[in-house]
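**Student:** To convert, count from 1 in the sequence shown and add 111; that's my numbering. Idealized CB from N, CA, C, for every residue including glycine. All figures in this text were calculated on a predicted structure; none of them were measured in a lab.
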Amino acid sequence: REKGEVTGLEAQFQSKTGRVITGLISARIINFNNATHILSVTRDITERVKQLETQKKLDKQMLQIQKLES
112 REKGEVTGLE AQFQSKTGRV ITGLISARII NFNNATHILS VTRDITERVK
162 QLETQKKLDK QMLQIQKLES
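1) What is the C-beta distance between Gly-134 and Arg-154, in whole angstroms, given that I count them as a contact (C-beta under 8 Å)?
2) Cα separation between Glu-113 and Thr-157?
3) Among residues of its own chain, excluding the 5 on either side of Ile-149, which ones have a beta-carbon nearer than 7 Å to its beta-carbon?
4) Could you tell me which residues DSSP pairs with Thr-133 in its beta bridges?
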């Protein structure tokens, strides 16, 4: 609010079907035709987040295996 913009805000949304979607939001307050507006872009990063979570789980499992081997 202080700067009038936000960049890279990660938020959860629920679709009409009930599916939870992760979005990456960037927004800015702009003046257009003597009126204040919010210009906002939201990207669906659900699959990217799922891939990162899967990779973290695999890394954790590999660490456990390495500990057991040593």
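**Tutor:** Inspection of the coordinates gives the following:
1) If you number the sequence shown from 1, residue 134 lands on position 23. If you number the sequence shown from 1, residue 154 lands on position 43. Yes, Gly-134 and Arg-154 are in contact; Cβ-Cβ is about 6 Å, under 8 Å.
2) Along the sequence shown, one-based indexing puts residue 113 at 2. Along the sequence shown, one-based indexing puts residue 157 at 46. If you take the alpha carbons of Glu-113 and Thr-157, they lie about 29 Å apart.
3) In the sequence shown, the residue the question calls residue 149 occupies position 38. Closer than 7 Å at Cβ, skipping near neighbours: Ala-138 and Ile-140.
4) Position 22 of the sequence shown, counted from the first residue, corresponds to residue 133. For Thr-133, which the question treats as bridged, DSSP gives the partners Gln-123.
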